[in-house]
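Colleague: If you scroll down you'll find the structure; I have some questions about it.
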Amino acid sequence: MKNIAILACAVMLSVSCQNHAQTKSTKTTEKSKTMTAQNIYQFKVKDLYGETFDFYTLKGKKVLIVNTASKCGLTPQYKDLEALYKEYKDKGFTVIGFPANNFAGQEPGTNEEIGAFCQQNYGVTFPMMEKISVKGSDMAPIYQFLTQKSKNGLQDSDVEWNFQKYLINE
């Protein structure tokens, strides 16, 4: 009788552990699916000149994404971003600029005006994308990805001001 009780307990424990392992495995699989459902390399955006820029071309590189503005106290950061880009572009690193007019109207220009401003004042050669929204109901999909844990699998964040940076590992 004692052996039967021990056997019954062992069977119940085994079934319980098996169910827990299956549940844990299912949750891990679901989490993996959620996390791999979106990644930065799926995005295609337009650059300042209306050409398609495919983030897949950046796979294997470190990418610094920054929202920019031409009439902001932080605008001189273009100079440092350009220096960083030039120094490391051949070493698997790039800078991607996204002009945005979400903060105090500090990026009022058109794509063409922004491109001319960046080139004439800071000699910008790193890729600059078309003007987008980085906040609010009209937030661009790539910034939804960058700021929402449900999409990026890492963390939620808010874009607080111009020249906020996101570093994407290879």
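Each residue of the sequence shown is one higher than the one before, counting from 21 in this note's numbering. C-beta atoms are modelled at their ideal positions from N, C-alpha and C, and glycine is treated no differently.
1. Short of 6 Å in beta carbon distance, which residues of its chain neighbour Phe75, apart from the five on each side in sequence? Order them along the chain.
2. Would Tyr69 be called buried (16 or more neighbouring beta carbons within 10 Å of its own) or exposed?
3. Leaving out five residues before and five after Ala160 in sequence, what residues of the same chain have Cβ atoms less than 8 Å from its Cβ?
4. How many Å lie between Tyr186 and Gln175 at the Cα?
5. Determine the contact status of Gln184 and Val86, defining contact as a CB-CB distance below 8 Å.
6. Report the three-state DSSP secondary structure of Asp67 (helix, strand or coil).
7. Could you give the distance in angstroms between the alpha-carbon of Ser157 and the alpha-carbon of Gln164?
8. May I ask you to report which of helix, strand or coil DSSP gives Thr72?
9. What is the rounded straight-line gap between the Cα of Gly125 and the Cα of Asn131?
10. Among Phe123, Ser170, Gly93, Lys171, whose alpha-carbon lies nearest the alpha-carbon of Trp181?
11. Have a look at Asp178 and Glu127 and give me their C-alpha separation to the nearest angstrom.
12. If you draw a straight line from the alpha carbon of Ala136 to that of Val144, how long is it in whole angstroms?
13. Could you tell me how far apart the beta carbons of Glu190 and Lys82 are, in whole angstroms, since I believe they sit closer than 8 Å?
14. Could you compute how far the alpha carbon of Ser90 sits from the alpha carbon of Pro147?
15. Using the three-state DSSP reduction, which class does Phe123 fall into: helix, strand or coil?
16. In the DSSP assignment, find the unbroken alpha helix (DSSP H) run with Leu84 in it and report its ends.
17. At the level of alpha carbons, what is the spacing between Gly112 and Gly93?
18. So which of Asn172, Gln58, Pro96, Leu166 has the shortest CA-CA distance to Gln140?
Modeller: For this structure:
1. The beta carbon of Phe75 sits closer than 6 Å to those of Ile60, Tyr61, Phe63, all from its chain and outside the five residues before and after it, given in chain order.
2. exposed
3. Val65, Phe118, Ile152, Ser153, Val154
4. 12 Å
5. Yes, the pair counts as a contact, with Cβ atoms nearer than the cut-off.
6. strand
7. 10 Å
8. strand
9. 15 Å
10. It is Phe123.
11. 19 Å
12. 9 Å
13. 6 Å
14. 16 Å
15. coil
16. Note, Leu84: premise wrong, no alpha helix (DSSP H); beta strand (DSSP E) at 82-88.
17. 30 Å
18. Pro96
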